[in-house]
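Peer 1:
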Amino acid sequence: QQRLGGIDSFLNSMNQGQQNNGKKKSMIAEPEPEAAENIESYVNAVKTNVLSGEFGERGEQYVIAQFGLLLCIAIGTVPYFGDILALALGPALIGGSLVIVYRAAADLGTNLSPWPVPADPSSDDGSGSLIDTGIYSYVRHPMYSGLILGMAGLSMATDSATRLLLTIALYFVLDAKADFEEAKLIQTYGDEYVDYMFKVKGKLIPNAAISLLRKKGEADPEED
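The sequence shown stops at residue 246 when you use this note's numbering, and every number in between is there.
This is the structure we're talking about:
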């Protein structure tokens, strides 16, 4: 009888354990009703946001451009056009930059100097003068623009992310150098240079590009 009693107690304990395990599994498998409702309402809200508005007026072009660029960055190339950008656009930018730098140096003439300090206009050799014609009638610092353009082209031609990052750093350095130089130019030429800055808006980006961006901004006013 003692043996039978022990067997019965063992079987009862096993049955109780299986029942407890079943309860635990059911507690884990079944989500709380409140959490399920929150997830469903979230999904429905997102679905409503995606389907709302009229096609063509929701800024689809920006979303397509955004995710398209993210995809190209992730795969490391532009499908069907990656080789063209490296083989054609890169060298084209380098060639264009050489023309810009040469033209800027030629227009500067005796004003040419590596230092961001203008030549003295009162010097005996007459080397210092304000240049506002030629390529300087389109952008105030074309030589810096040409250097940035050339380094961007070299980055594309060699498919170098490091060169591209360094080109971005070069942009900020030359932008700061241009600000320093313009402060000195204002000290030297006064209102004459201020008028030139008002006439030629572009410091590193040509006037034509700035006008195009402004027209685009006027065509697409910000929403209140």
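Using N, Cα and C, we set each Cβ at its ideal position, and we do this for glycine too.
From a predicted model like this one, the values you see are computed outputs, not experimental measurements.
If we call anything under 8 Å between Cβ atoms a contact, is arginine 125 one with isoleucine 157?
Peer 2: yes
Peer 1: Can you give me the C-alpha to C-alpha distance between asparagine 229 and glycine 118, rounded to a whole angstrom?
Peer 2: 17 Å
Peer 1: Measuring straight from C-alpha to C-alpha, what distance separates aspartate 105 and glutamate 59?
Peer 2: 50 Å
Peer 1: Using DSSP with H/G/I as helix, E/B as strand and the rest coil, what is alanine 141?
Peer 2: Correct three-state label for alanine 141: coil.
Peer 1: Verify whether the separation of the beta carbon atoms of leucine 169 and leucine 134 is less than 8 Å.
Peer 2: no
Peer 1: For alanine 191 and proline 136, I'd like the C-alpha separation in whole angstroms.
Peer 2: Here the alpha carbons of proline 136 and alanine 191 stand approximately 19 Å from one another.
Peer 1: Going straight from the alpha carbon of glycine 112 to that of leucine 188, what length do you get?
Peer 2: 16 Å
Peer 1: In three-state DSSP terms, what is lysine 223?
Peer 2: Coil.
Peer 1: Quick one: what's got a C-beta closer than 8 Å to tyrosine 215's C-beta in the same chain, skipping five residues either side?
Peer 2: Leu152, Glu204, Leu207 and Ile208
Peer 1: Since glycine 212 and leucine 115 should fall inside the 8 Å C-beta cutoff, what is the C-beta to C-beta distance between them, to a whole number of angstroms?
Peer 2: With 8 Å as the limit, glycine 212 and leucine 115 do not qualify as a contact, their Cβ atoms being about 37 Å apart.
Peer 1: When the Cα atoms are used, what is the spatial distance from alanine 198 to methionine 165?
Peer 2: 14 Å
Peer 1: Kindly indicate which three-state DSSP category aspartate 197 falls into: helix, strand or coil?
Peer 2: Helix.
Peer 1: Over what stretch of residues does the alpha helix (DSSP H) that includes tyrosine 124 continue unbroken?
Peer 2: 112-130
Peer 1: Can you tell me which of the three DSSP states serine 63 falls into?
Peer 2: helix
Peer 1: Exposed or buried, which one is proline 140 when buried takes at least 16 other CB atoms within 10 Å?
Peer 2: By the 10 Å Cβ count, proline 140 comes out buried.
Peer 1: Taking just the CA atoms, how far does tyrosine 218 sit from lysine 225?
Peer 2: 11 Å
Peer 1: If you reduce the DSSP assignment to three classes, tell me which class aspartate 154 lands in.
Peer 2: coil
Peer 1: What residue range does the alpha helix (DSSP H) around alanine 96 cover?
Peer 2: 82-97
Peer 1: Sort Phe202, Thr210, Ser63 and Val121 by Cα distance to serine 145 and report the nearest one.
Peer 2: Thr210
Peer 1: Rank Lys223, Phe77 and Ile95 by C-alpha distance to the C-alpha of alanine 183 and give the top, closest one.
Peer 2: Distance check between alanine 183 and each of Lys223, Phe77 and Ile95 places Ile95 closest, using alpha-carbon atoms only.
Peer 1: Between which residues of its own chain and threonine 155 is the CB-CB distance below 8 Å, once the five residues before and five after are set aside?
Peer 2: The beta carbon of threonine 155 sits closer than 8 Å to the beta carbons of Asp129 from its chain, once the five residues preceding and following it are set aside; these are given in chain order.
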